[in-house]
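Chains as they are written, first to last, in my numbering: chain A, 212 to 635; chain B, 212 to 635. A virtual CB, placed ideally from N, CA and C, is assigned to each residue, including glycine. To start, the structure itself, in structure tokens.
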């Protein structure tokens, strides 16, 4: 009986890690292109950072424990509370607005299933200190650009956009008794039968007429349709904000990937404005990304009020989607040089390797004497582009026999000449 | 009262994260140059992965807890047990020897102090499946190369090398009753007064003559000196191995950074052969790196016996050393383009930004209308090399006014021309 990997976590052997690095690199490059700066925080926080503000759902899913000093600690289930803590800590000395990103490792104790693990990575992009809808636009444009960087087409994904502000204003219009009891029901609307949906709304305190109106509202597929359902100035202002956002996104050429989707509610309690979720076309998987505006989180956590908007994009569903579309890289390792010795001259391998590495090349060789065929096999497995024979008898002093494994050419030359030819 | 960061952990604001990324990038590039492949594992493991094999010290320092499913879990305090689990899991299907690296985040509940935090990063490089001393050489050459990549000189650090095998053989020669009780005392030799050292050895069961001989042995500074202290074939074989290693390292041109240091014992119980520690010259800080050969770990954990050798290099002491030598990067953010609007034409900012980003440039702009001076200030803070004015009245249709913030030049041109000039 050997020791197993903990349930819901992953090992990354080199072939898996190459895929992870592809995802991280693509995320990071897109963030830098959009001028977001990277930050990080601790892997765990004081438990109260999460219990202070989250909805119930996330607290039940925490990996929490008491440390040896008696502190209540939780592995971070999301990055936003840490970001809020960083913002509160520095207060006014942080020049706002700013655009930050992070690629945290996150932990949720939940049933491990397709697209959900207990440990995963998530890209977070956030804009802190702007209450302008251009901030939402910046994030959504970045999402579209980065999904295209992965090789996805605009037709592969759709971003559903809604507004908590609109929803709240409409629920006020409806005179719903307790909006916070209604949100979780709306969030499940797509996943449950219509009669269950209506029963749960009734349980949340809504009457038949309210339910009918809410259902009609939630079915709207376009701004113009919503316009006929809402009446209060607050509702109209929130709707106008959505309309402005769509106009900007059209100008930025990503309008085709974005659509009004009032069923997007988001589970977390802290959202206050526009919210959005990214799905594969056909909604066959869980959300690839989700986020929105949360203008009161820093205040709830004891700081000044700072308007914020951001999203998270997990690695698990994204990798599933890329795999489904054949967009995950399949390449093995790549190596500039593999060194081979005919005569078991191990020390010479180290000498030549040091020279090639000093020139910036990647280089490998065997670690104990082996037959030439075995060394050539190792060169191929390592993905070597070139082999240099460190003690070939056709080479004059200061020269080396070499073979190009990509095009099959071979020859004899000085290391300087061989290196010059190997420059990209 | 706002919520604090957990004790012994760090926040990485963008200026801190830039330094972390410099360290990670330098590590990663060196590993790839030496043809090590990256892997990763879960952030926590079943507790027994650590209690099964470690010395007492590390178990006392674990962040361990019972998860909601009743499992005994520990945040990983080191990477080697995870590596051993990966090796055991794949068994014979992994082609050996192989060279792997990882940059895990690790956790130890210990008193936070200079050079020691409760949460830190560590580069791990390991060679699995080779019992040849050329494996040790490959790792030590890589350490020297990577420290030089950071800008350190060979005179800035020293690698002390010893051998558990030699020590064990010599203790057998001495007929020491319990070698495992002696190792921790030897490990402390440099930190405690001579009389305390001798008293602790006596407590470990050694007589006066044994203590004198062991002290003389531990004082040896060169292979030739050790040669006069040891007698058994096992001792001589272990000494020969050290001698072979030093010869290879001389050939590889790193001999000057390496010296025999029998006081290097390493705290962990699983080392079986050559061990080493990297210090700043003058030993004014904790070890920058440490490692050695551990040939029986996979066997102890229930797998086949697989010879392994590796080391860990933490980010905390390394960053302290680099800071001390003035070798940490001081650069702020860098941006290719910042877009400015004279007339509050926000949508135009998004249009031009999309074009420049599609060409691969990094690009930013304001998220709400602002005075031009304010926008130019933001451009400077963002580290922009160039500003493009999206609605300047000196520009013909299809052209843009621009300003180079590096050399102060300005002009009017098409985006294609501006982009061409901005190519590195």
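Per DSSP, reduced to three states, the secondary structure at residue 502 of chain A is strand. Pairing residue 466 of chain A with residue 554 of chain B, the inter-Cα distance amounts to about 24 Å. Proximity of residue 513 of chain A to chain B, defined by a Cβ-Cβ separation below 7 Å, is satisfied. Using a 10 angstroms sphere on the CB of residue 591 of chain A, the tally of other CB atoms stays under 16, which defines it as exposed. Counting C-beta atoms within 10 angstroms of its own C-beta, residue 579 of chain B has fewer than 16 neighbours from the protein chains shown and is therefore classed as exposed.
Each residue's CA atom was taken as its position, placing residue 625 of chain A and residue 460 of chain B some 24 Å apart.
For residue 523 of chain A, the pairing in a beta bridge is given by DSSP as A:335, A:501. Sorting B:357, B:277, B:384, B:425 by C-alpha distance to the C-alpha of residue 396 of chain B places B:425 at the top. If you look at residue 374 of chain A, you'll find it in the beta strand (DSSP E) that goes 368–374.
In this structure, the CA atom of residue 403 of chain A is about 12 Å from the CA atom of residue 474 of chain A. A direct Cα-Cα distance of roughly 15 Å separates residue 570 of chain B from residue 549 of chain B. Residues of chain B with a Cβ closer than 7 Å to the Cβ of residue 336 of chain A do not exist; the shortest Cβ-Cβ separation is about 13 Å. Under the Cβ distance rule, residue 544 of chain B counts among the residues neighbouring chain A, one pair being separated by less than 7 Å.
The alpha carbon of residue 348 of chain B has as its nearest neighbour, out of A:610, A:577, A:389, A:421, the alpha carbon of A:577. A Cβ-Cβ separation of about 20 Å leaves residue 463 of chain A out of contact with residue 593 of chain B under the 8 Å criterion. Under the 8 Å Cβ criterion, the segment 237–255 of chain B counts as touching the segment 222–231 of chain A, having at least three qualifying pairs. Only residues of its own chain outside the window of five on either side were considered, and among them 465, 468 have a CB closer than 6 Å to the CB of residue 355 of chain B, listed in chain order. Residue 259 of chain B is classed as exposed because its beta carbon has fewer than 16 other beta carbons within 10 Å across all chains shown. The Cβ atoms of residue 488 of chain A and residue 478 of chain A do not sit closer than 7 Å to each other. DSSP lists A:285 as the beta-bridge partner residues of residue 275 of chain A.
Taking the C-beta atoms as reference points, residue 380 of chain A is found no nearer than 7 Å to residue 219 of chain A. One finds 214, 215, 216, 217 in chain B with Cβ atoms closer than 9 Å to the Cβ of residue 257 of chain A, taken in chain order. The bridge partners DSSP lists for residue 622 of chain B are B:613. Excluding the 5 residues flanking it on each side, residue 401 of chain B has same chain C-beta neighbours closer than 7 Å at 474, in chain order. For chain B, none of the residues of the segment 362–380 of chain A brings a beta carbon within less than 8 Å of one of its beta carbons. In its chain, beyond the 5 residues on either side, 362, 363, 367 have a beta carbon closer than 8 Å to the beta carbon of residue 536 of chain A. Among the residues of chain A, none has a CB under 8 Å from the CB of residue 536 of chain B; the nearest is roughly 21 Å distant. Per DSSP, the continuous alpha helix (DSSP H) segment holding residue 358 of chain A begins and ends at 344–360. DSSP assignment within the segment 510–567 of chain A yields the following whole beta strand (DSSP E) runs of 3 residues or more, N-terminal first: 519–525, 546–551. When Cβ-Cβ separations below 7 Å define contact, residue 228 of chain B makes contact with chain A. The C-beta distance from residue 292 of chain A to residue 320 of chain A rounds to 17 Å, too long to meet the 8 Å contact threshold. Collapsing the DSSP output to three states places residue 415 of chain B in coil. Below the 9 Å Cβ cutoff, chain B contributes 216, 220, 221, 222, 223 as neighbours of residue 252 of chain A, in chain order. Within chain B, no residue has its CB atom less than 9 Å from the CB of residue 304 of chain A, the nearest being about 10 Å off.
In this structure residue 529 of chain B is not in contact with residue 372 of chain B, their Cβ atoms being roughly 19 Å apart against a cut-off of 8 Å.
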